[in-house]
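Since the structure comes first, as structure tokens, the remarks are kept for the end.
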Amino acid sequence: MPAITVADVTTLARVPEPGPTDLDRRVRSVTTAPVGYEGEGFPVRRAFAGVDLRDLDPFLHMDQMGEVEYAPGEPKGTPWHPHRGFETVTYIIDGTFEHMDSHGGGGTISDGDTQWMTAGSGLLHIERPPEALVASGGLFHGLQLWVNLPRAEKWVEPKYQDLRAAEAALLTSPDGGALIRVIAGELAGHAGPRSTRTPMAMMHATISPGAQLRLPWRRDFNALVYVMSGAGSIGPDAQPIETGQLVVLGPGDVITVNGANHQESRLAGLDVVILGGLPIQEPVAWAGPFVMNTKAEVMAAFEDYQKGKLGVIPATYVPHGSLGGATS
Ligand code: FE
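Those letters in the sequence shown? Residues 20 to 347, per the working numbering, in order.
See below:
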């Protein structure tokens, strides 16, 4: 059950009904995310695997982290690693993650919070569960999305925005059958918590069994729908979708998603993340943690990293495992 829920959705603002001439976006592709392991070994689904970057633009990559129920001692994070040239957006649906960087920044995000990190010119960071959670184990479920930066913004100073769960704008569909959490961008005049560097929108919707969500969507944005859990259908032809599938939609004004009548008993409904943005339309040169415009810029990023120009690991860092009791 996602951390951000509402007891009575009828108290929320409603998404307006689309107009009669509004065009429903058709399904262009449905792909199924392969399962892999990230960092020190936490399970992820690679949501965008096999999809052309031009269909994703301005997005690059997305991992669904978990959902996993850890035993005591099991929770895992990442080692220190660099980034340059893009942004990472970490949305914790359930559980807790700590982050720390080579500029002395850091913080904790949990249960519906989002961390928006603009890597820009470059930094080193680490993402991991806190000591108490490593010791206790528990539920962990989140998303990490990579958003590209245009050429002119790749060299901006690194920056964090920690967005608390309570700051997400919450809306419902006309019949109250869906809860929509606006993490970024805006929906029908209701804006998410912070500004983005390029125009984009990110929503997390829970659609009740049997309910339909018709979401007005900017015509100049692309439209991606990823199923985090549950079953349903999408588009004017009601194409079936299920957990771990990514749908690329074609042009239009409206995104239509239906929750299947029958869901696994542990689920409240169909949970999807809906993304859209204005394509940047620049060449992408990408290797590992660096996303630039040319190969030479990527090579320079590796060199700068090796020379320590992206930062050094803070002296105060205490790896977990050295505190006793915890394993890593
Ligand atoms: Fe990272």
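A virtual CB, placed ideally from N, CA and C, is assigned to each residue, including glycine.
Continuous alpha helix (DSSP H) stretch holding residue i: start and end
| i | result |
| --- | --- |
| Q325 | K314 to Q325 |
| D74 | L72 to L75 |
Pick from the options that is closest to residue i, judged by C-alpha positions
| i | options | result |
| --- | --- | --- |
| T262 | E36, M318, T40 and P53 | P53 |
| G196 | V34, I23 and F105 | V34 |
| T115 | P149, G278, S121 and P218 | P149 |
| D272 | G254, Q282 and D181 | G254 |
| L265 | G69, R73, I112 and D113 | G69 |
| D120 | Y179, P270 and L297 | Y179 |
| I226 | S140, G251, S214 and T215 | G251 |
| G295 | V310, P270 and H281 | P270 |
| V267 | P218, L72, A22 and M311 | L72 |
| K173 | R237, P218, R103 and E301 | R103 |
| E59 | D41, M81, V28 and P94 | P94 |
| W236 | P21, R45, D256 and A257 | R45 |
| P39 | L190, R233 and K326 | R233 |
| A32 | L190, G124, Y56 and M311 | L190 |
| L152 | D239, Q83 and A90 | A90 |
| A257 | F67, V276 and H281 | V276 |
| Q231 | R213, F240, L198 and P21 | L198 |
| F17 | I299, N280 and H281 | In the structure as shown, the chain begins at 20 and stops at 347. Residue 17 is therefore absent and cannot be evaluated. |
| G327 | H122, P212 and G126 | H122 |
| P259 | H281, A242 and F67 | H281 |
Test item: CB-CB of residue i and residue j under 8 Å
| i | j | result |
| --- | --- | --- |
| V244 | I202 | no |
| D351 | D113 | Residue coverage of the chain in this structure runs from 20 to 347, which leaves residue 351 outside it and unanswerable. |
| P400 | Y324 | The chain is shown from 20 up to 347; residue 400 falls before or after that span and cannot be answered. |
| G330 | D290 | no |
| A139 | V166 | Residue identity differs from the one stated: residue 139 is Gly in this sequence, not Ala. No, Cβ-Cβ distance for G139 and V166 is not below 8 Å. |
| G96 | R147 | yes |
| G307 | G229 | no |
| V317 | F309 | yes |
| A224 | I293 | yes |
| M221 | V87 | no |
| W135 | E106 | yes |
| A185 | R200 | no |
| P62 | G92 | no |
| L162 | M219 | no |
| E36 | P193 | yes |
| P247 | L164 | A quick correction: the sequence has Met, not Pro, at residue 247. Taking 8 Å as the Cβ cut-off, M247 and L164 do not qualify as a contacting pair. |
| T215 | P177 | no |
| A315 | G141 | no |
| P98 | I23 | no |
| L143 | I332 | yes |
Below-8 Å beta-carbon distance, residue i vs any chain C residue
| i | result |
| --- | --- |
| H281 | Chain labels in this structure do not include chain C; a single protein chain is all it has. |
Residue range of the beta strand (DSSP E) that includes residue i
| i | result |
| --- | --- |
| S129 | G125 to S129 |
| S155 | Careful: S155 lies outside any beta strand (DSSP E), inside the alpha helix (DSSP H) at E150 to S155. |
| F61 | F61 to R65 |
| M81 | F78 to Y89 |
| L268 | Q264 to L268 |
| I226 | M219 to I226 |
| E93 | Neither: E93 is in no beta strand (DSSP E) and is coded neither H nor E. |
| M119 | T115 to D120 |
| N277 | V273 to G278 |
| Q231 | Q231 to P235 |
| P169 | No beta strand (DSSP E) contains P169, which DSSP labels as neither H nor E. |
| R348 | With the chain covering only 20 through 347, there is no way to say anything about residue 348. |
| P255 | It is not in any beta strand (DSSP E) - P255 carries neither H nor E in the DSSP assignment. |
| R213 | No beta strand (DSSP E) contains R213, which DSSP labels as neither H nor E. |
| P101 | H100 to H102 |
| L297 | L297 -> no beta strand (DSSP E), and no H or E assigned at all. |
| R200 | A197 to A203 |
| R183 | That residue, R183, is in no beta strand (DSSP E); it is neither H nor E in DSSP. |
| S248 | A242 to S248 |
| M311 | F309 to M311 |
| L142 | L142 to R147 |
| A68 | Where A68 is concerned, there is no enclosing beta strand (DSSP E), given that its DSSP letter is neither H nor E. |
| A304 | A304 to A306 |
| M136 | T133 to T137 |
Residue i: CB within 7 Å of a non-hydrogen atom of ligand 3
| i | result |
| --- | --- |
| H144 | Among the ligands present in this structure, namely ligand 1, ligand 3 is not found. |
So, do the stretch 152–160 and the stretch 279–288 have three or more beta carbon pairs nearer to each other than 8 Å? no
Touching or not, the stretch 46–66 and the stretch 205–222, by the rule of three or more beta carbon pairs under 8 Å?
no
Checklist line | the stretch 76–87 / the stretch 126–144 touching (three or more Cβ pairs under 8 Å) | finding: no
Complete runs of the beta strand (DSSP E) confined to the stretch 22–63 [at least 3 residues] | 46–51 and 54–57
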